[in-house]
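This report refers to the structure that appears directly beneath it.
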Amino acid sequence: MAASAALRWMVWGEWRAHPARVLVAAAAIAIGVALGFAVYLVNRSALDEFERAVQTVSGAADLQVRAASAAGFDETLYPTLARIPGVRAASPVVELTARASPDGPPITLLGLDVFRAAQVTPSLAGVRQGPAGAGTTPFDAGQVFLSAAAMQASGAMVGGAIRLTAAGQAASFRVAGTLPAAAEGQRIAVADIADAQWRFGQLGRLQRIDLKLAAGSDARAVQDAVAAALPPDAAIETRQTQATRGDSLSRAYRVNLEMLAMVALLTGGFLVYSAQSLSVSRREAQFALLRVLGLSRRRLLGMIFAEGGLVGLIGGMAGVGLGLALAGLALRVLGGDLGGGYFQGAHARLVFAPGAAAVFLGLGLLASLAGAVVPALHAAKAKPAVALKSAGDGVDPRARPPLKPGLALLAAGGLAALSPPVGGLPLLGYAAIALILAGGIAVMPWLAMALLTPVRPRRPGPAAHLALGRLRGAPGQAAVALCGIVASVSLMVAMSVMVASFRGSVDEWLGQVLPADLYMRLPDIQTGGLDLAAQADLTAVEGVRRVTFRKMVGLRLAADRPEVVLQVASVDRADPARSMPLTGQTRAVPVGATPVWISEPMARLYRLKPGDALTLPLGGAARPVAVAGVWRDYAHQFGAVAMDSADYTRLTGDTLRTQASVDLAPGAAPGPIIAALRAALPPGMRDQADFTRSQALRAYALRVFDRSFAVTYALEAIAIGVGLAGVAATFSAQTFARAREFGMLRHIGALRRQIVGLLALEGALLGAVGGVAGLGLGAVMGQILIQVINPQSFNWTMDTRWPVGLLTTLFCALVAASAGTAVLSGRSALSAGAIRAVREDW
Amino acid sequence: MSPAPALSLTGLKKSVPGGRVLFEGLEFSAAPGEIVAIMGESGVGKSTLLNLIAGLDLPDVGRIEIGGAALGEMSDDARTTLRREKVGFVFQAFHILPHLTLAQNVALPLVLGRAATAEALKSAHDLLDAVGLGGRGGDYAAQLSGGEMQRVAIARALIHRPALILADEPTGNLDPETAAKVLDLFVEQARTHRAAAVIVTHSEKVAAVADRALVLSPNGLSLRHGR
Numbered sequence: 001m002a003a004s005a006a007l008r009w010m011v012w013g014e015w016r017a018h019p020a021r022v023l024v025a026a027a028a029i030a031i032g033v034a035l036g037f038a039v040y041l042v043n044r045s046a047l048d049e050f051e052r053a054v055q056t057v058s059g060a061a062d063l064q065v066r067a068a069s070a071a072g073f074d075e076t077l078y079p080t081l082a083r084i085p086g087v088r089a090a091s092p093v094v095e096l097t098a099r100a101s102p103d104g105p106p107i108t109l110l111g112l113d114v115f116r117a118a119q120v121t122p123s124l125a126g127v128r129q130g131p132a133g134a135g136t137t138p139f140d141a142g143q144v145f146l147s148a149a150a151m152q153a154s155g156a157m158v159g160g161a162i163r164l165t166a167a168g169q170a171a172s173f174r175v176a177g178t179l180p181a182a183a184e185g186q187r188i189a190v191a192d193i194a195d196a197q198w199r200f201g202q203l204g205r206l207q208r209i210d211l212k213l214a215a216g217s218d219a220r221a222v223q224d225a226v227a228a229a230l231p232p233d234a235a236i237e238t239r240q241t242q243a244t245r246g247d248s249l250s251r252a253y254r255v256n257l258e259m260l261a262m263v264a265l266l267t268g269g270f271l272v273y274s275a276q277s278l279s280v281s282r283r284e285a286q287f288a289l290l291r292v293l294g295l296s297r298r299r300l301l302g303m304i305f306a307e308g309g310l311v312g313l314i315g316g317m318a319g320v321g322l323g324l325a326l327a328g329l330a331l332r333v334l335g336g337d338l339g340g341g342y343f344q345g346a347h348a349r350l351v352f353a354p355g356a357a358a359v360f361l362g363l364g365l366l367a368s369l370a371g372a373v374v375p376a377l378h379a380a381k382a383k384p385a386v387a388l389k390s391a392g393d394g395v396d397p398r399a400r401p402p403l404k405p406g407l408a409l410l411a412a413g414g415l416a417a418l419s420p421p422v423g424g425l426p427l428l429g430y431a432a433i434a435l436i437l438a439g440g441i442a443v444m445p446w447l448a449m450a451l452l453t454p455v456r457p458r459r460p461g462p463a464a465h466l467a468l469g470r471l472r473g474a475p476g477q478a479a480v481a482l483c484g485i486v487a488s489v490s491l492m493v494a495m496s497v498m499v500a501s502f503r504g505s506v507d508e509w510l511g512q513v514l515p516a517d518l519y520m521r522l523p524d525i526q527t528g529g530l531d532l533a534a535q536a537d538l539t540a541v542e543g544v545r546r547v548t549f550r551k552m553v554g555l556r557l558a559a560d561r562p563e564v565v566l567q568v569a570s571v572d573r574a575d576p577a578r579s580m581p582l583t584g585q586t587r588a589v590p591v592g593a594t595p596v597w598i599s600e601p602m603a604r605l606y607r608l609k610p611g612d613a614l615t616l617p618l619g620g621a622a623r624p625v626a627v628a629g630v631w632r633d634y635a636h637q638f639g640a641v642a643m644d645s646a647d648y649t650r651l652t653g654d655t656l657r658t659q660a661s662v663d664l665a666p667g668a669a670p671g672p673i674i675a676a677l678r679a680a681l682p683p684g685m686r687d688q689a690d691f692t693r694s695q696a697l698r699a700y701a702l703r704v705f706d707r708s709f710a711v712t713y714a715l716e717a718i719a720i721g722v723g724l725a726g727v728a729a730t731f732s733a734q735t736f737a738r739a740r741e742f743g744m745l746r747h748i749g750a751l752r753r754q755i756v757g758l759l760a761l762e763g764a765l766l767g768a769v770g771g772v773a774g775l776g777l778g779a780v781m782g783q784i785l786i787q788v789i790n791p792q793s794f795n796w797t798m799d800t801r802w803p804v805g806l807l808t809t810l811f812c813a814l815v816a817a818s819a820g821t822a823v824l825s826g827r828s829a830l831s832a833g834a835i836r837a838v839r840e841d842w
Numbered sequence: 001m002s003p004a005p006a007l008s009l010t011g012l013k014k015s016v017p018g019g020r021v022l023f024e025g026l027e028f029s030a031a032p033g034e035i036v037a038i039m040g041e042s043g044v045g046k047s048t049l050l051n052l053i054a055g056l057d058l059p060d061v062g063r064i065e066i067g068g069a070a071l072g073e074m075s076d077d078a079r080t081t082l083r084r085e086k087v088g089f090v091f092q093a094f095h096i097l098p099h100l101t102l103a104q105n106v107a108l109p110l111v112l113g114r115a116a117t118a119e120a121l122k123s124a125h126d127l128l129d130a131v132g133l134g135g136r137g138g139d140y141a142a143q144l145s146g147g148e149m150q151r152v153a154i155a156r157a158l159i160h161r162p163a164l165i166l167a168d169e170p171t172g173n174l175d176p177e178t179a180a181k182v183l184d185l186f187v188e189q190a191r192t193h194r195a196a197a198v199i200v201t202h203s204e205k206v207a208a209v210a211d212r213a214l215v216l217s218p219n220g221l222s223l224r225h226g227r
C-alpha cells in the first residue's frame with residue numbers, strides 16, 4: 001500500500017512537473033486513435049448507407065437474377081423462372097440509369113409490373129398522391145413515382161411533369177406519387193414495366209427478375225434450379241453477394257485509409273517511447289533511490305508501464321471523442337467515400353459503433369504501452385548503486401550499439417513484403433512497412449555511429465567538437481531523438497515516391513490512351529447509342545480527319561464482384577500496342593479464336609495471363625475468347641477487357657456505339673467542329689453528348705487523381721506533424737535533461753553562442769542522419785507501396801519515379817528544421833537556469 | 001613591489017530576493033599559489049560568494065578583480081571569456097561528460113578557447129599523467145571510480161593554467177582515504193601551477209591543508225587560521 005502511494009507520488013510528481021510532455025504524448029495517441037476511429041466510422045456509415053441503398057433498389061426479394069450486362073437478357077426467361085417449383089412469385093424489372101437533365105445527377109429508373117412487384121418487392125410500390133387522396137394503385141402509362149431525393153434532384157413535384165433520358169432516349173412522365181420506402185438520399189423513379197420498355201427501347205429485354213420463394217421451400221435447391229435455367233448473360237444474386245460486392249467496391253481504399261491512420265497511431269507510439277525514454281533516463285537516480293529504499297524491480301516496471309498506460313488511456317479516450325466529431329465533419333464535407341468516388345449519391349449518416357470505439361481505445365492503449373516497454377525494461381534493469389552514482393546521466397560510450405535485432409526486424413519486413421495478400425488485402429505489406437520502420441529505428445544507434453565516426457573536420461570548432469563527441473558517444477540517446485524524425489520522414493518519402501510514381505504513370509497512361517484531339521461520350525447510355533448512320537454522319541463533318549467509335553459495356557462475370565468493363569474499340573491486330581498501353585508480351589491466339597486484351601486489374605483479379613481462355617456473356621450467349629495480352633489501365637479498378645469493334649459486332653450483332661475519339665484535320669478549330677458534330681447527332685442525343693478536348697480531359701483526370709488523394713495527403717500530413725512534434729518534444733526533454741552539462745560548460749567558459757552552435761550543430765547532424773535513414777527507409781517503404789500494396793489493393797502497377805527535387809528540398813528543410821527546433825528547445829539552456837543546474841553542489 | 005593578487009574582493013555586499021543581506025563590506029584577496037578555505041554554516045552565502053567570484057552573479061555593491069581585471073565592468077561574454085582563460089572549477093559532483101573520453105573532458109577549456117585540438121589533447125594526456133591517470137586518456141567516465149573522476153576534474157581545472165581555481169567541496173563525494181589523496185593532489189597541482197585556490201568546504205581536514213581558513217558570516221569573513 002505504502003509502495004503504491006510512493007509510486008503514485010512519483011507518477012503524479014513527474015506529471016505535475018512536466019505536464020506539457022505528458023500532454024504532447026497523449027495528444028499524439030489521441031490523434032492516431034481519432035484518425036483511425038473517424039475513418040472506421042465514416043466507412044461503416046457509408047457501407048450501411050450503401051447496403052440500405054441496395055436494399056431499396058432491390059426491394060425485399062429473396063433471390064435476384066441479374067443481367068450480366070446493361071443490355072439485359074431476353075424477357076422469355078421470366079415465365080421460365082416463375083414456373084420453377086419453390087418460386088412463389090417472380091417480378092420482372094427493367095433497370096436503367098436515367099437523368100432529368102444533362103447536368104443533373106443520375107436517377108435509377110425501375111420499370112415494374114405492379115401486381116408482381118406487390119408480391120415480391122412491396123417496398124418498391126409507389127404511393128399515389130393527389131386530389132383523389134393517397135393510396136397504392138396500379139400504374140398508368142406515362143406515370144412515374146419518385147423518391148424524395150429524386151424529386152429534389154429533378155425539381156419535379158407530384159402532379160407535375162418530368163422528362164427522363166435513359167438508354168439514349170428521352171420520354172416525359174407525369175409524377176403520380178412518391179416512394180416512401182426509399183432510403184434517404186436514394187434517387188429512384190418507378191414506372192410501369194411495359195411503358196419503360198417501350199419508351200426506352202428495351203422491348204423484350206429485362207435487366208433483372210426478383211424472386212420470392214414459397215414458404216418452407218429448400219432455398220438451396222431452388223437456387224440451383226434457377227441457376228440451371230439461366231442463360232449465359234444472366235446470373236443469380238443473393239443479399240450476401242450484393243453485400244460482398246458493395247464491400248469489395250471500396251474495400252482496398254478503405255483499408256488503405258485505415259492503415260494510414262494506423263501509421264499516425266504508430267508515430268504516436270514512437271512519441272510515447274521518446275517521452276518515456278527521456279523521462280526514465282532523467283529519473284534514473286530517483287528510481288535507484290526507490291530501489292535502494294526497497295521497491296521491487298517488478299513494481300518499478302509496473303509503475304513505468306502504468307505511466308504509459310495512463311497516457312494511452314487519456315489519449316485513447318480523447319481520441320474516441322475527437323474521432324466521432326471528425327467523422328461527423330468528414331461525412332458532411334467529404335461524403336461517405338472520403339473523396340474516393342465509390343459511393344456517389346449515397347448520403348451516409350453517422351453511425352456510432354461502441355465496439356469499434358473500445359477497439360480503438362485499446363489500440364491507443366497498446367501503442368502507448370508498447371512505447372513504454374523498452375524504457376521500463378531499461379529502468380528495471382539498471383543497477384541501483386550505479387544509477388545513484390551517475391545521477392541520471394549514465395552513458396557508456398564503449399557499449400557498441402546492437403545491430404542484430406534491427407537486422408532481424410528488417411529481414412522479417414522483407415519476408416512480409418514478399419508474401420501474398422491475405423483475404424485480398426495487402427495486410428502483410430503493411431506489416432512489412434511497420435517491421436521495416438521498427439527495424440530501421442532499431443539500427444539507428446549503430447547507423448548514427450557508423451555515419452558520424454568518419455566525420456573528421458579539419459579544424460573543428462568547440463561546437464563541432466562537443467556535438468560530434470556527444471552524438472558518437474551517446475548514439476542511443478541520439479536514436480531516441482531520431483526515431484520521430486525517421487518515422488515521419490520515411491513515411492513522407494514513401495508516400496511522395498508512391499504518389500509521384502502513380503501520378504507520373506497515370507499522366508503517361510493518359511497520353512497513351514487519349515491520343516485524339518476530341519472525345520465525345522453519351523453518358524449513362526449502356527444500351528442504345530449511335531447507329532451506323534449516325535456514325536457516318538459524324539465522320540462526314542467537315543474538318544474531321546478521322547473518327548473512331550467505341551463502346552463501354554459493363555459485364556458481370558461473378559455475382560459477388562463489381563462489373564468489369566468491356567471496352568469495344570478498333571484494335572490494330574498487327575500491332576496492338578498502337579491501340580493500347582500493353583505491358584509485357586502479347587501472345588498470338590489460336591486460329592479462329594476471338595482475341596481480347598485484358599487490363600492489369602482483370603489479370604490479377606481473375607488470375608488470367610496471355611494465352612488463357614475466357615468466356616464472356618455477350619449477345620445472350622457465353623462467348624469463348626482468348627487473352628492475347630495485358631494492358632495498363634487506371635480507369636477501371638475492377639477490370640476491363642478490350643475487344644476489337646469488328647469482333648464485338650460479329651458476336652453480338654450490336655453496331656451501336658456510345659463514345660467517339662475525333663482527330664481533326666490540320667488547322668481545324670475545335671470549337672466550331674464540336675458545334676458541327678453536336679448538330680450531326682440524332683436529336684435525342686444532342687443535349688446529352690459530352691464533348692471534351694483531350695488536354696481538358698487529361699487535366700480533369702489529374703484533378704480527380706489529386707482529389708482522390710486529398711484525404712491520403714491529409715492523413716500523411718497529420719502523421720508527419722505528429723512526428724515533428726515528437727522531434728520538438730524530444731529535443732526539449734533532452735535539453736532539459738542536459739541542463740547540468742550546459743551549466744558545467746558555461747562555468748568553464750563556454751559562450752552562449754557556442755552552446756547555441758553546439759545545439760544547432762547537434763540538431764543539424766541529427767536531422768542529417770535521420771534524413772539519410774528516412775530517405776533510405778522511405779525508398780524501401782515506397783517500393784513496398786508501389787510493388788506490393790498498390791498491386792495487391794488496386795491490382796494495378798506503376799513505374800517508379802523519384803521526386804528528386806522534392807526529396808532534396810525535404811532533406812534540406814529537415815536539417816534546417818531540426819537545427820532550429822534544437823535551438824528553440826534549448827533556449828532554456830542558455831538562460832541562467834542552466835548555470836543554476838550545477839549549483840546544487842555549491 | 002608585491003605582485004598583483006590573483007583575486008581581490010573589495011566592499012562586497014549581496015542580498016537575496018526578499019531583501020535579506022547575506023553579507024556586507026566583505027574584503028578579501030588571495031595571492032598566486034595561495035590556498036584559501038572558506039567555511040561557514042549552511043545558508044550563510046558560501047555558494048553565492050563563489051558565484052560572485054566566478055562572475056556568474058553580480059554583487060549589489062563592491063568590486064571583484066581576477067588577475068587585475070574587474071568583473072563588474074565586463075559584459076557577460078567577457079566574463080565568460082575571463083572564466084575560460086583565468087578560472088578553473090572543481091565540482092563536488094565531478095561533472096565529467098560521460099560521452100567524451102577523459103582526455104577530451106580535460107581538454108574542454110582549451111577546445112572552448114579554440115586551441116588546436118591535437119595540442120589540447122596532448123596537454124590533457126600530460127595532465128592526466130600528472131594526476132595519476134597516465135595512459136587512460138581514451139577511457140570514459142563509466143570506467144572510473146569517484147576518486148579518479150575528481151582527479152580528471154582537477155586536471156580539467158588546471159589545463160589552461162588558470163590564475164584562480166574555485167572548488168566546491170572537492171572531496172565531499174569521496175571516502176576519507178581517497179579524499180585525502182585527492183586533496184593532496186589538488187594542493188600540489190595548484191601550487192605547482194601557481195594558481196590561487198578558493199575552496200568552499202565543511203571539512204576540517206580540507207581547511208587544515210589550506211594556507212588560510214576563513215569563516216563566512218553576515219558580518220563578513222573572519223580568519224580562522226593562517227596569516
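Same order as they appear, the protein sequences are chains Z and P. Last residue of the first sequence: number 842 in my numbering, and the count goes up by one each step with no gaps. Last residue of the second sequence: number 227 in my numbering, and the count goes up by one each step with no gaps. Built from N, CA and C at the ideal position, the CB exists for glycine as well. Quick caveat: nothing in here was measured; it's all calculated off a predicted structure.
- Taking 8 Å as the cut-off, the beta carbon of Z:Leu775 is found closer than this to the beta carbon of Z:Phe811.
- When Cβ-Cβ separations below 8 Å define contact, Z:Leu452 makes no contact with chain P.
- Taking a contact to require three or more Cβ pairs closer than 8 Å, the region 91-99 of chain P and the region 138-148 of chain P qualify as touching.
- Following the DSSP letters along the chain, one finds Z:Pro92 inside the beta strand (DSSP E) bounded by residues Val87 to Arg99.
- Between Z:His747 and chain P, the shortest Cβ-Cβ separation is below 8 Å.
- Residue-level contact by beta carbon fails for Z:Arg16 and chain P, as no gap is shorter than 8 Å.
- With a cut-off of 8 Å on Cβ pairs, the region 111-128 of chain P is not in contact with the region 166-186 of chain P, counting fewer than three such pairs.
- Looking only at Z:Phe115, Z:Ala150, Z:Met492 and Z:Ala227, the smallest Cα-Cα distance to Z:Val175 is reached by Z:Ala150.
- Near chain P, meaning a CB-to-CB distance below 7 Å, the residues of the region 467-493 of chain Z are Gly469, Arg470, Gly473 and Ala474.
- Counting C-beta pairs closer than 8 Å gives three or more between the region 423-437 of chain Z and the region 783-793 of chain Z, which meets the contact rule.
- Under the rule that a run must span 4 or more residues, the alpha helix (DSSP H) segments found entirely inside the region 95-149 of chain P read 102-112 and 117-130.
- Z:Met744 belongs to the set of residues whose beta carbon lies under 8 Å from a beta carbon in chain P.
- Close to chain Z, meaning a Cβ-Cβ distance shorter than 9 Å, are the following residues of the region 182-209 of chain P: Val200.
- Taking all protein chains shown into account, P:His95 has 16 or more neighbouring C-beta atoms within 10 Å of its C-beta and is therefore buried.
- Restricting attention to alpha helix (DSSP H) runs no shorter than 4 residues, the region 17-66 of chain P encloses them at 46-54, ordered along the chain.
- Annotation: the continuous alpha helix (DSSP H) that includes Z:Ile755 extends over Arg752 to Ile784.
- Listed along chain P, the residues sitting closer than 7 Å to Z:Gln754 by beta-carbon distance are Leu112.
- Every alpha helix (DSSP H) of 4 residues or more that sits fully in the region 172-254 of chain Z is shown, in chain order, as 193-199 and 219-229.
- Rounded to the nearest angstrom, the gap between the Cα atoms of Z:Ser490 and Z:Ala434 is 11 Å.
- Taking a Cβ-Cβ cut-off of 7 Å, the neighbours of Z:Glu741 in chain P comprise Leu97, given in sequence order.
- In the DSSP assignment, Z:Ile162 falls within the beta strand (DSSP E) that extends over Ala161 to Ala166.
- Interface annotation, P:Ala54: in contact with chain Z, CB-CB separation under 8 Å.
- The C-beta of Z:Arg545 has fewer than 16 other C-beta atoms within 10 Å across all chains shown, which makes the residue exposed.
- Residue contact with chain P for Z:His378: absent (no Cβ-Cβ distance below 8 Å to any residue of chain P).
- Under the 10 Å beta carbon count, Z:Gly308 is surrounded by 16 or more other beta carbons and is classified as buried.
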